[in-house]
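Worksheet: the structure to be examined is printed underneath.
Numbering (the working numbering), first residue to last: 2 to 153.
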């Protein structure tokens with residue numbers, strides 16, 4: 002089994018039911034190899050959760066002798082990371098998204114998500130002339146979706 006698959010399996014076995022694995026990135030081009038594990042949770046993930054999983058993974062990788070020299074990072078995906086899993090979309094219902102599709106981009110408040118589509122509330126106009134319209138975006142057409150951070 003390749004290293005990324007091995008780390009993925011080890012990580013998934015250490016997560017709590019409310020936590021989930023988003024991605025594993027392995028860069029072994031230079032020494033030391035760099036392993037980055039992105040985790041998330043339905044109610045978020047604390048830095049202590051990341052540290053616990055990091056210690057447990059490092060211990061297992063050292064015991065297995067999978068790598069002699071590596072760096073390991075366990076973190077949550079930042080706001081610059083696109084949403085990848087349905088569970089991430091569900092966690093972000095109520096937040097504004099910028100969704101890139103093959104036909105362009107759509108910005109709006111995520112009001113629903115399922116296996117087949119996203120439903121966004123988009124706004125046109127301002128003030129009394131503002132019109133809120135629900136727009137359905139097929140999941141298969143989503144190239145990238147980012148949570149938009151608001152500082153209001």
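Note that beta-carbon positions come from the ideal geometry of N, C-alpha and C, so glycine has one too.
Name the DSSP bridge partner or partners of residue 42?
20
So, with DSSP's three-state summary, where would you put residue 105?
strand
Give the DSSP-derived three-state secondary structure of residue 159 in the structure shown.
Look at the range of the chain in this structure, 2 to 153, and you will see that residue 159 is not part of it.
Grouping DSSP H, G and I as helix and E and B as strand, with all else coil, what is residue 125?
strand
In terms of residue numbering, what span does the beta strand (DSSP E) encompassing residue 73 cover?
71-76
Within 8 Å, strictly: CB atoms of residue 118 and residue 149:
no
Can you check whether the CB of residue 37 is closer than 8 Å to the CB of residue 26?
yes
For residue 68, the three-state DSSP class (helix, strand or coil)
coil
Any idea if residue 152 is buried or exposed, counting beta-carbon neighbours within 10 angstroms, 16 or more meaning buried?
exposed
Span of the alpha helix (DSSP H), counted from its first residue to its last, around residue 10:
4-13
Under 8 Å between C-beta atoms of residue 112 and residue 94:
yes
Where do the ends of the beta strand (DSSP E) carrying residue 138 lie?
132-139
Relative to the C-alpha of residue 78, which residue among 40, 72 and 101 is closest?
40
Suppose the cutoff is 6 Å on Cβ atoms and the five residues either side in sequence are ignored; what does the same chain contact list for residue 64 look like?
none
Distance check for residue 6 and residue 114, CA to CA, integer angstroms please.
28 Å
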